[in-house]
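For the sequence shown, the numbering used here assigns the number 2 to the initial residue and increments by one for each residue that follows. Backbone N, C-alpha and C define an ideal beta-carbon position, used for all residues, glycine too. Shown next, in C-alpha cells, is the structure this report addresses.
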Amino acid sequence: MQRGSARLKVVVIGVGYLGATHAACMAELGFEVLGVDVDAEKVASLNQGRLPFYEPGLDTLLLQHVEGGEGSTGRLKFTASYEEAGRFGDLFFLCVNTPQLAGEFSADLRHLDAAVEALVPHLDRPCLVVGKSTVPVGTADRVAERIAAAAPAGAAAELAWNPEFLRESFAVQDTLHPDRLVAGVRSERAERLLREVYATPIAEGVPFLATDFATAELVKTAANSFLATKISFINAMAEMCESAGADVVRLSEALSYDERIGGKFLHAGLGFGGGCLPKDIRAFVARAGELGVGQALTFLREVDSINTRRRSRMVEMAREQCGALRGLRVAVLGASFKPDSDDIRDSPALDVAGQLQRQGAQVTVYDPKAMDNARKAYPALDYARSPLEAAEGARLVLHLTEWAQFRELDPAELGAVVAERHILDGRNVLDAAAWRAAGWTYRSMGRS
Ligand code: UGA
C-alpha cells in the first residue's frame with residue numbers, strides 16, 4: 002500500500018464509530034495520527050489497543066498501529082488533551098457525533114461546537130480543520146467564521162468540509178476504499194492537502210470532487226435521504242403486497258433487474274434504524290423549514306412515517322399471531338440496528354421488543370454482539386445467552402436483525418424448546434420452506 006506523506010500529521014477529534022475508524026485508517030495509510038476524545042476512559046482503552054465497540058476488522062487495525070502494540074507501527078495514539086493535539090497536527094478531522102436534539106427534529110451541534118471551541122485556541126501554525134460530521138447545511142460557514150475569529154493571529158488555520166459515507170460493519174473497507182471523496186474547499190491549498198491525505202485511494206481511482214461548503218454538506222444528507230427513501234419505498238410496496246396478497250421479495254427482485262432502479266437498499270422488512278439515517282432525514286427536514294423550502298422535503302416525513310409504521314406493524318403481527326400480548330412469552334432474535342454491529346441507536350429490533358414489553362409481553366432478547374448496550378438501554382427486557390435459551394418456552398419467536406447466525410438456526414432444534422412454533426421474520430431472509438417443514442407457522446413482512 003502506498004504510504005502517506007511523512008510530513009503530514011493527522012489529528013482526529015471524536016473517536017466513536019466514525020472517528021476511531023478514521024484514525025486507524027489514516028494510520029494504515031501511513032500517517033502519524035493522534036485521536037482526541039473528552040472521554041478519558043475511551044482514550045485509555047484505545048491506547049491499550051482495546052476497541053470500546055464492535056466493528057469488524059477495526060480491532061486488528063488498531064492493534065497494528067497503536068503505540069506499544071507488539072510489532073505495531075506505533076503511528077497511532079490517543080489523548081484527551083486539545084493542547085497536545087494543537088501542537089501535533091497539520092490536519093484536524095472533526096468526527097464528533099451530531100445526534101437528534103431531544104424533543105426536536107434538528108441536529109444537536111453541541112459536541113461539534115465544543116470541539117471547535119476547545120481546538121481553535123491551540124491552532125498556532127498553518128493547518129487545515131476538516132469537518133467530517135454530518136451537519137445541517139450552513140454549519141461549515143459558521144465554523145469557518147468561528148475559526149477566523151478565535152484562532153491565534155497569524156495561525157493561517159483554514160476549514161474544509163469532507164463528509165463521511167462509511168457504513169457501520171463495513172467501516173474499514175469504506176474508509177480505505179470509498180465510493181467517492183467529496184471536499185468542500187475554499188482554496189487550492191485546502192484541496193491540495195486533502196488530495197495529499199487521500200493520495201492512496203485517489204491513486205486507486207476513487208473519484209475526488211472539490212465543491213463549495215454547502216454542496217459538500219448537502220451531498221451527505223442527500224445520500225442518506227435517498228437511501229432512506231429507497232428502503233421506505235420498498236416498505237410501502239410491502240404494505241401494498243400484504244393487502245393485495247402479493248410477495249414483496251419477488252417484486253423487489255423483479256425491480257432489481259432494471260439497472261436504473263438496482264437491487265441495493267431495496268430489501269423490505271422492519272425498516273431502517275441506526276445513529277444516521279433516521280436522525281439525518283429529520284434534521285434535513287428541519288433545516289429545509291428554516292431555509293423556507295420546507296415543501297421540498299415533505300416527502301421525507303412520509304419516508305420517516307412509513308419506516309415507523311413497520312415497527313408497529315410487527316407488533317400488530319405478533320398480536321394477530323398469538324392474540325393478547327399480556328403475559329405472552331416472546332423471544333426476540335436481534336438487538337443491534339443491523340447485523341455485524343453492536344450499535345443499538347434507534348434499533349428497530351429493540352423498539353419492537355420494548356413496545357411488546359410495554360404492552361404486557363414477557364420478552365427475552367438475544368444478540369451476538371449488542372447485549373451489553375441493549376441491557377443498559379432496555380433494562381426491563383430479559384436477556385439470554387443464546388437463541389435457544391431465548392426461545393425456551395416462547396409462544397412466539399421474532400427475527401428482527403438479520404445476523405448470519407440466525408439464518409443458520411435449525412428450525413427443528415428451536416422447535417424442540419419453544420411452547421408454540423410461530424415465527425415472524427422481520428427481515429425476510431429466513432428459509433420459509435425449511436421452517437414450515439419443521440412444523441412452524443412462518444410469516445414475514447410484505448408476503449401473503
Ligand atoms: C448509513 C449510510 O449507509 C452510510 O453511507 C452513511 O455514511 C452512514 O449512514 C452515516 O451517515 O454515517 P449505516 O447507518 O451504518 O450507514 O447503515 P446502513 O447500512 O445504511 O443501514 C441502515 C439501516 O437500514 C439498517 O437498520 C438496515 O437494516 C436498514 N436497511 C438497509 C433496510 O431495512 N433495508 C435495506 O435494503 C438496507
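When secondary structure is reduced to three states using DSSP, Arg448 falls in the strand class. In this structure, the beta-carbon distance from Gly427 to Glu240 does not fall below 9 Å.
Uninterrupted beta strand (DSSP E) stretches at least 3 residues long and entirely within the region 306 to 339 occur at 330 to 334, given in chain order.
When secondary structure is reduced to three states using DSSP, Ala157 falls in the coil class, being assigned neither helix nor strand. Per the coordinates, the alpha-carbon of Ala152 lies some 29 Å from the alpha-carbon of Thr222. Bounds of the alpha helix (DSSP H) holding Tyr18 are 18 to 29. A distance criterion of 8 Å places the beta-carbon of Asp109 beyond contact range of ligand 1, judged by its closest non-hydrogen atom. Burial state of Arg311 is buried, judged by a 10 Å Cβ sphere holding 16 or more other Cβ atoms. About 19 Å separates the beta carbon of Leu110 from that of Ser226, a gap too long to meet the 8 Å contact definition. Contact check for Thr402 and Ala350: beta-carbon distance about 5 Å, within the 8 Å limit, so the pair qualifies.
With fewer than 16 other beta carbons inside 10 angstroms of its own, Leu292 counts as exposed.
By the criterion of a C-beta distance shorter than 6 Å, Arg437 is surrounded in its chain by Tyr443, once the five residues flanking it on both sides are discounted. Beta-bridge analysis with DSSP links Ile235 to no other residue.
Within the model, the alpha-carbon separation for Ala378 versus Arg193 is close to 44 Å. Shown here, Ile203 sits in a helix according to DSSP, grouped into three states. Residue burial is scored here from C-beta neighbours: Lys280 has at least 16 other C-beta atoms within 10 angstroms and is therefore classed as buried. Check the Cα spacing between Met372 and each of Ala255, Cys277, Gly132, Asp341: the tightest is with Asp341.
Between ligand 1 and the CB of Cys277, the shortest heavy atom gap is smaller than 8 Å. Contact check between the region 359 to 366 and the region 379 to 390: three or more CB pairs, one atom from each, fall below 8 Å, which counts as touching. The straight-line gap separating the alpha-carbon atoms of Val12 and Val333 is approximately 41 Å. Relative to the Cα of Phe89, the nearest Cα in the group Ala28, Ala161, Val16, Leu9 belongs to Leu9. Contact between the region 60 to 76 and the region 19 to 27 is present: 3 or more CB-CB pairs across the two stretches fall below 8 Å. Closest in C-alpha terms to Gly20, from the list Phe79, Gln49, Glu71, comes Phe79. If you draw a straight line from the Cα of Glu243 to the Cα of Trp441, it comes to about 20 Å. Minimum Cα-Cα distance from Arg422 among the listed residues Leu397, Ala433, Asp411 corresponds to Leu397.
In its chain, beyond the 5 residues on either side, Arg422, Ala439, Gly440, Trp441 have a beta carbon closer than 7 Å to the beta carbon of Gly416. As summarised for the region 331 to 387, the continuous beta strand (DSSP E) elements at least 3 residues long and confined to that stretch are 363 to 367, given in chain order.
Counting only the Cα atoms, Tyr83 lies some 7 Å from Ala119.
CA-to-CA, the gap between Val121 and Trp162 works out to about 16 Å. In the displayed model, Thr230 falls within a helix according to three-state DSSP. For Lys10, the uninterrupted beta strand (DSSP E) segment begins and ends at 10 to 14. Here Ile282 carries a helix assignment [DSSP, helix/strand/coil]. At least one heavy atom of ligand 1 lies less than 8 Å from the C-beta of Gly274. Beyond the five residues adjoining it in sequence on each side, Asp343 comes within less than 7 Å, by CB distance, of Phe54, Tyr55, Ser337, Lys370, Ala371, Asn374 in the same chain, given in chain order. For Ala211, same chain residues with a beta-carbon under 6 Å away, outside a window of 5 residues either side, are Ala184, Val186, Glu192 in chain order. Using a Cβ distance threshold of 9 Å, Leu252 and Met238 count as a contacting pair.
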